[in-house]
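Some notes on the structure that comes next.
Protein chains: 2
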Amino acid sequence: MLSTKLSSVTSDGSAGEATEARRRRPRGAVREGLVAAGLELARAGGPDAVVLREAVRMVGVVPNAAYRHFANRDELLAAVCTAAMRELAARMAAGVGRVRGQRGDPAAARRRLQAIGRAYLDFARAEPGLFATAFAVPHQHAYGAPGAGADGGAEPGPLPLDQLRAVLDELADAGVLSRRRRAGIEYPIWSVVHGLAVLTGQGPLRDAPDATRRHIEEVTSAFIEAGLS
Amino acid sequence: MLSTKLSSVTSDGSAGEATEARRRRPRGAVREGLVAAGLELARAGGPDAVVLREAVRMVGVVPNAAYRHFANRDELLAAVCTAAMRELAARMAAGVGRVRGQRGDPAAARRRLQAIGRAYLDFARAEPGLFATAFAVPHQHAYGAPGAGADGGAEPGPLPLDQLRAVLDELADAGVLSRRRRAGIEYPIWSVVHGLAVLTGQGPLRDAPDATRRHIEEVTSAFIEAGLS
DNA sequence: CTTGTTAGTGGACATCGTCCACAAAATCGG
DNA sequence: CCGATTTTGTGGACGATGTCCACTAACAAG
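Line order of the protein sequences matches chains E and F. Adding 229 to a residue's 1-based position in the first sequence gives its number in my numbering. Adding 229 to a residue's 1-based position in the second sequence gives its number in my numbering.
In structure tokens, the structure reads:
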């Protein structure tokens, strides 16, 4: 249940009552706490579930306190979205990192591509709320540019698209993917995987039986394979 | 501006004032009006913009009147989502219908597949709110089954997946697509197109320049082509 | 210690979804 | 044609949410 509520006891260990434990929290704690709380809400119910008043309640602070750290609810949501995206990126990196094999090895490169897609789908399946939130940024997010990461947060880590590009480059270097086919192929590949995640997650295919789901994934995998050569 | 507000004048043509023009609307008018109003709201701002009180305001009725036709806001939203999906399906049917060529002709079949994807992407681009709404059904929608359409609405028309299947069957009949590859290929194809629509619509690729967008679409088209053979 | 800034508090407001009791219009059995 | 019953809209209310304003305690610098 991972309580994100900051302890509202004063530093001497006793609960602060009459003297008002005000501003006893370390510097950026409230902001961080709000994002963490928002992340929990998003995990449980998607972007719409990240409601400001609930987040501040979890942090143990009054609603208006949030406005010292975010201009409005949308800005808080944006921060939560960024965190969710970072989570997805981390899972992808972990998944691809588990694949052993030298960088020159074509078979290893293939497995890494597979692992990226698998991690993406697994995340979408295991954390539907976070997945939806990662892509639900209120208005702008500045993305796509190879060297992005102009965001304030601590070390974004390679975004999904960058990780995919790296693996595809490896695939091209290993000769599995011709230079001609390499150009721009990250987009259709990302699209298939993302589309599959969305359609079988919140989408119309959401309640397909597991067997069907597996079948769909196999066909899709073969489809991508065909698209490479 | 397509006013969905029902006229609240009495049948004699004069405005009903003291006598209260109550229940002067034809049978299912309020319900239909609410869905129409909701559709306008969704068109302008996506599913979240479908707010019950605003819809009833447009119809010219008091908020509670909506509860005579829908159990709650989610049920209204579900009706709006169905309508939006129907709209998408209609555009797809129109797009594929514009393609001339006999049913046996392989080239025509190819063009029809192209037309389906184009219509899908065009709709997502021209009507982002409706597109998002079509796939934002609150909880269940019952889909996927070939002969679905157990919904109450007037003649659903072939759903997107069914239309895609029809074209793929044609492609298989024409020999463009081998029987072996045909099985289940509707899923990856739907996924690429849907994923592309989402990523370049509300997603991270949303503000890619038009040139990039065109490039992505070309590459994706080639990718699908490669996946067929 | 004074002073200015930062970060939290308290109270309020408009809006939203929803509930309850009521009344009028439409419908229907006789 | 009439009276009972079911539909369908009205009025008023409640709790929750996002956001605004004025106020004040805590901290940092001089």
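All C-beta atoms in this analysis are idealised placements derived from N, C-alpha and C, irrespective of residue type, glycine included. Nothing here was measured: the structure is a model prediction, and the numbers come from that model.
Exercise. What is the DSSP secondary structure of L359(E), reduced to helix, strand or coil?
Worked result: Your numbering for residue 359(E) matches position 130 in the first sequence. In this structure, L359(E) counts as helix in the three-state DSSP scheme.
For this session: Would you mind telling me which residues of chain F sit closer than 7 Å to A455(E), beta carbon to beta carbon, in chain order?
Result: Walking along the first sequence from the start, residue 455(E) turns up at place 226. Within chain F, the residues near A455(E) are A455, G456.
For this session: Determine, using beta carbons only, whether I345(F) comes closer than 9 Å to chain E.
Result: For this step, residue 345(F) is matched to residue 116 along the second sequence. No, its Cβ sits nowhere closer than 9 Å to a Cβ of chain E.
For this session: Using three-state DSSP, classify D398(E) as helix, strand or coil.
Result: Numbered from its first residue, the first sequence carries residue 398(E) at position 169. Shown here, D398(E) sits in a helix according to DSSP, grouped into three states.
For this session: Output, in chain order, the set of chain F residues within a Cβ distance shorter than 8 Å of T449(E).
Result: Here residue 449(E) is taken as the residue at index 220 of the first sequence, counted from 1. In chain order: Y416, P417, S420.
For this session: Determine, using beta carbons only, whether F364(E) comes closer than 9 Å to chain F.
Result: As a first step, residue 364(E) must be located in the first sequence, where it is residue number 135. By this cut-off, F364(E) is an interface position.
For this session: May I ask which residues mark the beginning and end of the alpha helix (DSSP H) holding F452(E)?
Result: Here residue 452(E) refers to the residue found at position 223 when the first sequence is read from its first residue. Start and end: 439-457.
Exercise. Exposed or buried, what is E454(F) when buried is set at 16 or more other beta-carbons lying within 10 Å of its beta-carbon?
Worked result: Along the second sequence, one-based indexing puts residue 454(F) at 225. When all chains shown are included, E454(F) counts as exposed.
For this session: Give the secondary structure of D277(E) by DSSP, where H, G and I count as helix, E and B as strand, and everything else as coil.
Result: Translated into the one-based positions of the first sequence, residue 277(E) becomes position 48. Helix, per DSSP.
Problem set entry | Contact set between V427(F) and chain E, taken where Cβ atoms lie within less than 9 Å | Taking the first residue of the second sequence as 1, we reach residue 427(F) at position 198. Result: F364, S420, H423, G424, V427.
Problem set entry | Where H444(E) meets chain F, residues with beta-carbon distance less than 7 Å | Here the question's residue 444(E) lines up with position 215 in the first sequence. Within chain F, the residues near H444(E) are G413.
Problem set entry | Presumed contact (8 Å Cβ cut-off) between A337(E) and Q392(E), rounded CB distance | Taking the first residue of the first sequence as position 1, residue 337(E) is located at position 108. Taking the first residue of the first sequence as position 1, residue 392(E) is located at position 163. Taking the Cβ atoms as the reference, A337(E) lies roughly 15 Å from Q392(E), outside the contact range of under 8 Å.
For this session: Indicate the three-state DSSP secondary structure (helix, strand or coil) for P433(E) in the structure shown.
Result: Residue 433(E) sits at position 204 when you count from the first residue of the first sequence. The three-state reading of DSSP puts P433(E) in coil, since its state is none of H, G, I, E or B.
For this session: Please determine, among S407(E), R409(E), A295(E), R354(E), the residue with the shortest C-alpha to C-alpha distance to D436(E).
Result: On the first sequence, position 207 is the one that residue 436(E) refers to. In this structure, R354(E) is the residue among S407(E), R409(E), A295(E), R354(E) with its C-alpha nearest to the C-alpha of D436(E).
Exercise. Among G324(E), L359(E), Q331(E), which residue has its Cα nearest to the Cα of Q343(E)?
Worked result: Along the first sequence, read from residue 1 onward, the residue named residue 343(E) stands at position 114. Here the closest residue by C-alpha is G324(E).
For this session: Below 7 Å CB to CB, which residues in the same chain sit around A361(E) once its five sequence neighbours on both sides are set aside?
Result: Translated into positions along the first sequence, residue 361(E) becomes position 132. A distance below 7 Å between beta-carbons, with the five flanking residues on each side excluded, links A361(E) to the following residues of its chain, in chain order: G275, P276, Q431.
Problem set entry | Proximal chain E residues relative to F352(F), where beta-carbon distance stays under 9 Å | Indexing the second sequence from 1 puts residue 352(F) at position 123. Residues of chain E passing the Cβ test: none, with the nearest at roughly 15 Å.
Exercise. What is the residue span of the alpha helix (DSSP H) that G413(E) lies within?
Worked result: By 1-based counting over the first sequence, the position of residue 413(E) is 184. Where G413(E) is concerned, there is no enclosing alpha helix (DSSP H), given that its DSSP letter is neither H nor E.
Problem set entry | Interface partners of G432(F) on chain E, CB under 7 Å | Here residue 432(F) refers to the residue found at position 203 of the second sequence. In chain order: F364.
For this session: Since I believe L270(E) is in contact with V280(E) (beta carbons under 8 Å), could you give me their beta-carbon distance rounded to a whole number of angstroms?
Result: If you number the first sequence from 1, residue 280(E) lands on position 51. If you number the first sequence from 1, residue 270(E) lands on position 41. Between the beta-carbon of V280(E) and that of L270(E) there is about 7 Å, and that keeps the pair under the 8 Å contact cut.
For this session: For the alpha helix (DSSP H) holding R327(F), just list the boundary residues, first then last.
Result: Position 98 of the second sequence holds residue 327(F). Taken as a continuous stretch (DSSP letters only), R327(F) belongs to no alpha helix (DSSP H), as it is neither H nor E.
Problem set entry | Cβ-Cβ distance between P367(F) and A307(F) below 9 Å | Translated into the one-based positions of the second sequence, residue 367(F) becomes position 138. Translated into the one-based positions of the second sequence, residue 307(F) becomes position 78. The answer is yes: Cβ separation under 9 Å.
Problem set entry | Whole-angstrom distance between G456(F) and A365(E), CA atom to CA atom | Counted from its first residue, the first sequence places residue 365(E) at position 136. Counted from its first residue, the second sequence places residue 456(F) at position 227. Rounded to the nearest angstrom, the two C-alpha atoms are 30 Å apart.
Exercise. Quick one: does R302(E) have its CB under 9 Å from some CB of chain F?
Worked result: On the first sequence, position 73 is the one that residue 302(E) refers to. With 9 Å as the cut-off, R302(E) does not count as an interface residue toward chain F.
Problem set entry | Counted within 10 angstroms of its Cβ, other Cβ atoms place E447(F) as buried (16 or more) or exposed | For the purposes of this step, residue 447(F) is identified with residue 218 of the second sequence, where counting begins at 1. If you draw a 10 Å sphere on the C-beta of E447(F), you find fewer than 16 other C-beta atoms in it, and that means exposed.
Exercise. Which of the residues in the segment 280-313 of chain E, read from start to end, lie with their CB under 8 Å from any CB of chain F?
Worked result: When CB distances to chain F are screened at a threshold of 8 Å, not a single residue of the segment 280-313 of chain E falls below it.
Problem set entry | Per-residue DSSP class, three states only, for V422(F) | Within the second sequence, residue 422(F) is the residue found at index 193, counting from 1. Under the three-state reduction of DSSP output, V422(F) falls in the helix class.
Exercise. Does DSSP classify G262(F) as helix, strand or coil?
Worked result: Counted from its first residue, the second sequence places residue 262(F) at position 33. DSSP places G262(F) within a helical segment (H, G or I) once states are collapsed to three.
Exercise. Looking at the C-beta of A360(E), does it have a partner C-beta in chain F at a distance below 9 Å?
Worked result: Here residue 360(E) is taken as the residue at index 131 of the first sequence, counted from 1. Note that residue 360(E) is Phe in the sequence shown, not Ala. Output row for F360(E): interface = no.
Problem set entry | Close beta carbons around R332(E), own chain, < 7 Å, minus the five adjacent residues each side | Taking the first residue of the first sequence as position 1, residue 332(E) is located at position 103. Within the same chain, R332(E) has close Cβ partners E399.
Exercise. Taking 9 Å as the CB-CB limit, is L390(F) close to chain E?
Worked result: To locate residue 390(F), count along the second sequence from 1; it is residue 161. Between L390(F) and chain E, the shortest Cβ-Cβ separation is below 9 Å.
Exercise. Closest Cβ-Cβ distance between D402(E) and chain F: below 9 Å?
Worked result: To locate residue 402(E), count along the first sequence from 1; it is residue 173. By this cut-off, D402(E) is not an interface position.
Exercise. Among V405(F), G326(F), S450(F), L359(F), which has the Cα closest to the Cα of P417(F)?
Worked result: Working through the second sequence from its first residue, we reach residue 417(F) at position 188. Residue S450(F) is the option with its Cα nearest to P417(F).
Problem set entry | Contact with chain E by D277(F), beta-carbon distance below 9 Å | Translated into the one-based positions of the second sequence, residue 277(F) becomes position 48. For D277(F), the answer is yes, since a Cβ of chain E falls inside 9 Å of its Cβ.
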